[in-house]
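Colleague: Pasting in a structure now, in structure tokens, and then I'll have a few things to ask.
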Amino acid sequence: SLACSKTGDVIVAGSNDPFEVYVWGLANGQLLDVLAGHNGPVVDLVFNPAGLVVSASWDKTVKIWDVFGKQGVSEETLSRHSHF
């Protein structure tokens with residue numbers, strides 16, 4: 001899966017193996033970061049209006065990544081519980 005930032009200068013790509021999200025700068029074609037943490041294929045990506053990257057995986061988690069944060073990448077994980 002792929003998603004492009006609102007400004008069009010950053011693209012993120014999800015991977016089936018390894019289970020990572022790659023952050024690319026389109027201006028120079030450089031790999032800016034690799035976001036690790038999923039335990040299954042990354043099947044969906046989106047930039048939300050605030051510029052956060054949201055990734056969904058077959059591991060039943062959704063991760064929210066602040067790829068533009070001043071403190072580096074921060075991450076929040078939302079998991080599906082068995083009672084849903």
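Just so you know, my numbering puts 30 at position 30 of the sequence shown, and the rest follows in order with no gaps. C-beta: ideal position from N, C-alpha, C; glycine also. For clarity, every value in this text was computed on a predicted model and none was experimentally measured.
1) Tell me where the beta strand (DSSP E) around residue 45 begins and ends.
2) Excluding the 5 residues flanking residue 27 on each side, which residues of the same chain have their C-beta closer than 7 Å to its C-beta?
3) From the DSSP secondary-structure annotation, give me the bridge partner or partners of residue 77.
4) Take residue 25 as the anchor and find which of 16, 56, 3 has the nearest alpha-carbon.
5) Is DSSP giving residue 57 helix, strand or coil here?
6) Tell me whether residue 4 sits in a helix, a strand or coil according to DSSP, three-state version.
7) Taking only three categories from DSSP, how would you classify residue 72?
Modeller: Answer, in terms of the structure:
1) According to the DSSP assignment, residue 45 belongs to the beta strand (DSSP E) that extends over 42-47.
2) 9
3) 63
4) 3
5) Residue 57 falls in the strand class under three-state DSSP.
6) Looking at residue 4 - three-state DSSP - the assignment turns out to be strand.
7) Here the model assigns residue 72 a pLDDT of 48, short of 50, so the residue's position is not dependable and the matter cannot be decided.
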